[in-house]
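Notes follow the structure.
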Amino acid sequence: DHSIASKDEL
Amino acid sequence: MNVFRLAGDMTHLLSIMVLLLKIHSMKSCAGISLKTQELYVLVFATRYLDIFTTYFSFYNTVMKIVFLVTSFSIVWYMRHHKVVRQTYDRDQDTFRHHLLVIPCFLLALLINHRFTVREVLWTFSLYLEAVAILPQLVLLQRSRNIDNLTGNYVFFLGAYRGLYLFNWIYRYMAEKSQLRWIPWISGLVQTALYADFFYYYIKSWKKREKLQLPA
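Residue numbers (my numbering), protein chains in the order written: chain Z, 7 to 16; chain L, 120 to 334.
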């Protein structure tokens, strides 16, 4: 999932 | 995790440590904008809603907790601590910060990756973070006396997002990550807002003079 994958940043 | 991302997170952490050091050791929040600090509480509270639902890594969870706890405690100190709150430059910190919140929220409703509550709030947090420094920059410009800790605090805070820009370039090139316009453009705007401050910060550092921003 793209929108989840990009949320490992703070 | 690449070196730019780690360095970015560390300067972000360092900026908060510098601010807490000022508050704890000097018992002072002179020159610090409560408006900006309140905006950061809102930024972290809306961005880290996934803390209980999505697990990325131990590092990720710990850092989120640190940012939430420290941002809440800074606001608490500035509002309620009997000594610290008396050092707050209330009369100069007059930026109407809620005027930033509403347009950022409307923009997040209009421009987002997906129209869900969590995604809109996450997008809102990015837009709001981009402009959250404005009350602080205005206060700095009004301050005749910017102490070292305050100057360093703002410098590290700006360096953090600048390093994230390199992180995104690296991830795009090396990890073939997808185009992520919302964080990229927000991050670019956020970093650009510091340009003026960086210029005077580096100039004063080179000349070993006290930092002062032109009014």
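Backbone N, C-alpha and C fix where the C-beta goes; we use that ideal spot for every residue, glycine too.
Please tell me whether residue i has its Cβ less than 7 angstroms away from any Cβ of chain L.
i	result
Asp7 of chain Z	Bear in mind that a pLDDT of 45 at Asp7 of chain Z, under 50, signals an unreliable position, so the number given afterwards is only what the model happens to contain. With 7 angstroms as the cut-off, Asp7 of chain Z does not count as an interface residue toward chain L.
Report the residue from the options whose alpha carbon sits nearest the alpha carbon of residue i.
i	options	result
Val160 of chain L	L:Leu125, L:Lys326 and L:Ser192	L:Ser192
Arg204 of chain L	L:Thr235, L:Tyr320 and L:Leu153	L:Leu153
Phe97 of chain L	L:Tyr174, L:Phe171 and L:Val188	Residue 97 of chain L cannot be examined here, being either before or after the span of chain L that is shown, 120 to 334.
Ala334 of chain L	L:Lys183, L:Phe224 and L:Tyr319	L:Tyr319
Gly150 of chain L	L:Leu219, L:His199, L:Asp212 and L:Leu245	L:Asp212
Phe317 of chain L	L:Arg261, L:Ser190 and L:Phe275	L:Phe275
Trp241 of chain L	L:Ile170, L:Ala311 and L:Lys201	L:Ile170
Phe214 of chain L	L:Arg261, L:Ile321, L:Arg237 and L:Lys329	L:Arg261
State buried or exposed for residue i, treating a residue as buried only when at least 16 other CB atoms are found within 10 Å of its CB.
i	result
Ser134 of chain L	buried
Met197 of chain L	buried
Tyr283 of chain L	buried
Lys326 of chain L	exposed
His216 of chain L	buried
Asp128 of chain L	buried
Tyr174 of chain L	exposed
Gln297 of chain L	exposed
Thr155 of chain L	buried
Pro302 of chain L	buried
Just checking: is the beta-carbon of residue i within a distance shorter than 7 angstroms of some beta-carbon in chain Z?
i	result
Phe175 of chain L	yes
Ser134 of chain L	no
Asp128 of chain L	yes
Met292 of chain L	no
Met197 of chain L	no
Met145 of chain L	no
I think residue i touches residue j, with their Cβ atoms under 8 angstroms apart; what is that distance to the nearest whole Å?
i	j	result
Asn179 of chain L	Asp14 of chain Z	6 angstroms
His143 of chain L	Tyr279 of chain L	The pair is not a contact, with the Cβ atoms about 21 angstroms apart (cut-off 8 angstroms).
Leu158 of chain L	Leu247 of chain L	6 angstroms
Lys183 of chain L	Tyr167 of chain L	5 angstroms
Tyr313 of chain L	Phe123 of chain L	In fact, because the Cβ distance is near 17 angstroms, the residues do not count as touching under 8 angstroms.
With DSSP collapsed to three states, give me the class of residue i.
i	result
Glu248 of chain L	helix
His232 of chain L	coil
Gly150 of chain L	coil
Pro333 of chain L	coil
Asp7 of chain Z	Below a pLDDT of 50, predicted positions are generally treated as unreliable, and Asp7 of chain Z, at 45, falls in that range; no measurement from the model is reported.
His143 of chain L	helix
Val202 of chain L	coil
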